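Step one of this worksheet: look at the structure below.
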Amino acid sequence: MSRHGLFILLCLLPALLLVSIFIYYPLLKGLVMSFQNYTLFDLTNIDFIGLQNFKDILADPNFKQSLTNSVYWVFISLFFQVSIGFVLALMLRRQFRGRGVYQAFVFFPWAMSGFLIGLIWRWMFNGQSGVVNDLLLKMNLIDNPIPFLADPKWAMASVIIANVWYGITFFGIMILAALQSIPEDLYEAAKMDGASSFQQLTRITIPYIIPTLTVTILLRVIWILNFPDLIYSMTNGGPAGSTHILSTYMLEKVIYDQNYGQASAIGIVIMILLLFFTIFYLLATKMNKAGDF
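To get this note's numbering, take the position in the sequence shown, counting from 1, and add 136.
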């Protein structure tokens with residue numbers, strides 16, 4: 137190896153070590169543990185048990201409920217985040233007085249911790265002294281306070297509302313950046329040709345930002361599915377497991393059951409689901425080349 141190549145290797149070595157220690161090693165360790173009887177209650181009996189962990193979690197009704205909740209959690213949250221974020225970006229693209237200050241306030245929630253956001257919304261949805269119940273009572277929309285986080289009928293909807301509010305900012309930022317890259321000449325030419333605002337939106341704006349939307353939606357699906365902070369701080373997966381998603385169910389296996397083998401198996405299932413979704417999504421959007429991004 138030449139001195140130049142050795143210098144490049146030494147520069148890359150710290151990054152390679154960090155990635156190996158914090159990503160690849162835990163990944164391989166989790167893969168091995170998913171095939172082991174690994175519980176903290178019996179550390180003297182750690183041995184390979186094949187696919188037993190996967191059979192146990194697939195036969196668990198809580199896993200099936202968590203899987204169903206995960207579908208609702210991801211796609212309902214994503215639909216409203218994209219829709220409202222797109223409208224917000226269109227509004228912020230216009231020039232008006234105080235635009236920079238308003239953008240700062242709009243984008244501020246994205247800089248906050250998901251766990252902290254969950255605590256705020258937990259207080260807002262409080263069944264006795266929450267802001268949401270107080271507003272609904274004052275507007276005469278309800279007669280008695282609703283136990284949003286204590287009632288299985290309302291709990292999942294409540295955490296999804298909090299997640300939608302939290303994720304709107306991300307799509308607003310990304311879509312606004314894409315909108316600002318569209319040449320104004322295209323809109324001027326379209327106006328000269330007599331194109332309406334709706335035609336400009338469907339013929340210029342949306343096609344131009346499709347690559348950004350593709351990558352952004354893919355990343356957000358991965359983040360939402362692996363985002364237990366909000367649910368854990370609001371409901372801790374309750375009541376009666378009605379708000380558990382796969383990632384919070386995995387945490388429950390670690391924290392309460394101390395069963396690292398089954399928790400690792402759930403993690404592998406999450407990775408497989410995300411892998412299949414990514415392949416299907418990229419094929420469906422015909423984004424097979426990295427250059428198309």
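Glycine included, every Cβ here is placed at the ideal spot set by N, Cα and C. Remember, predicted model here, so these are calculated numbers, not experimental data.
Leucine 322 to methionine 407, Cα distance in whole Å? Straight-line measurement puts the Cα of methionine 407 at about 42 Å from the Cα of leucine 322.
Can you list, in chain order, the residues of its chain whose CB lies under 7 Å from that of tyrosine 417, leaving out five sequence neighbours each side? Cβ neighbours of tyrosine 417 within its own chain (closer than 7 Å, five residues either side excluded): Leu354.
Restricting to runs no shorter than 4 residues, where is the alpha helix (DSSP H) found entirely within the stretch 252–281? For the stretch 252–281, whole alpha helix (DSSP H) runs of length 4 or above, ordered along the chain, are 267–274.
To the nearest angstrom, report how far apart leucine 410 and leucine 419 are at their CA atoms. As the crow flies, the alpha-carbon of leucine 410 is around 14 Å from that of leucine 419.
Continuous alpha helix (DSSP H) stretch holding asparagine 189: start and end: For asparagine 189, the uninterrupted alpha helix (DSSP H) segment begins and ends at 188–195.
By the DSSP assignment, the alpha helix (DSSP H) with aspartate 365 in it spans what residues? If you look at aspartate 365, you'll find it in the alpha helix (DSSP H) that goes 365–370.
Taking the alpha helix (DSSP H) that threonine 348 falls in, what are its first and last residues? Taken as a continuous stretch (DSSP letters only), the alpha helix (DSSP H) holding threonine 348 covers 342–361.
When DSSP labels each residue in this structure, what does asparagine 181 get in the three-state scheme? Judged by DSSP in its simplified three-state form, asparagine 181 adopts coil rather than helix or strand.
What number of angstroms, rounded off, separates the C-alpha of glycine 236 from the C-alpha of alanine 314? When only Cα atoms are considered, glycine 236 and alanine 314 end up about 17 Å apart.
Based on the DSSP secondary-structure assignment, which residues constitute the bridge partners of threonine 175? Partner(s): Asn395.
Roughly how many angstroms lie between the CA atoms of glycine 254 and glycine 263, to the nearest whole one? Their Cα atoms are separated by approximately 15 Å.
Rank Thr421, Asp192, Lys165 and Thr379 by C-alpha distance to the C-alpha of aspartate 287 and give the top, closest one. Relative to the Cα of aspartate 287, the nearest Cα in the group Thr421, Asp192, Lys165 and Thr379 belongs to Thr379.
For leucine 226 and glutamine 217, I'd like the C-alpha separation in whole angstroms. Taking the straight line joining both Cα atoms gives about 14 Å.
Any chance the stretch 145–164 sits against the stretch 374–394, with 3 or more Cβ pairs inside 8 Å? Result no; under three Cβ-Cβ pairs closer than 8 Å.
Less than 7 Å between C-beta atoms, sequence neighbours within five positions excluded: which residues of the same chain meet that for isoleucine 430? This structure does not reach residue 430, given that the chain is present from 137 up to 429, and the question cannot be answered.
Over what stretch of residues does the alpha helix (DSSP H) that includes glutamine 335 continue unbroken? Residues 333–336.
Grab the span of the alpha helix (DSSP H) containing histidine 380 for me, first residue to last. Run containing histidine 380: none; DSSP gives neither H nor E here.
Counted within 10 angstroms of its Cβ, other Cβ atoms place alanine 151 as buried (16 or more) or exposed: In summary, alanine 151 is exposed, with fewer than 16 beta-carbon neighbours lying within 10 Å of its beta-carbon over all protein chains present.
Give the straight-line distance between the Cα atoms of tyrosine 208 and isoleucine 182, rounded to the nearest whole angstrom. Our two residues, tyrosine 208 and isoleucine 182, have alpha carbons roughly 36 Å apart in a direct line.
Determine the burial state of lysine 389: buried for a count of at least 16 other Cβ atoms within 10 Å of its Cβ, exposed for fewer. Using a 10 angstroms sphere on the CB of lysine 389, the tally of other CB atoms reaches 16 or more, which defines it as buried.
Leucine 224 and glycine 166: beta carbons closer than 8 Å? With respect to glycine 166, leucine 224 sits apart: the two C-beta atoms are not nearer than 8 Å.
Applying the 10 Å Cβ sphere with the 16-neighbour rule, what's the burial state of threonine 352? That one is buried.
Do threonine 204 and alanine 291 have their C-beta atoms closer together than 8 Å? Between threonine 204 and alanine 291, the gap from beta carbon to beta carbon reaches 8 Å or more.
Phenylalanine 211 in three-state terms, based on DSSP: In the structure shown, phenylalanine 211 sits in a helix (DSSP, three-state: H, G or I).
Outcome for tyrosine 238 when other beta-carbon atoms lying within 10 angstroms are tallied against a minimum of 16: Answer is exposed; the Cβ neighbour count stays below 16.
Whole angstroms is fine: what's the gap from phenylalanine 412's alpha carbon to proline 343's? Approximately 26 Å, taken between the alpha carbons.
Helix, strand or coil, according to DSSP, for isoleucine 318 in the structure here? Annotated three-state conformation of isoleucine 318 is coil, per DSSP.
Look up phenylalanine 284 in the DSSP assignment and say whether it is helix, strand or coil. Looking at phenylalanine 284 - three-state DSSP - the assignment turns out to be coil, as it is neither helix nor strand.
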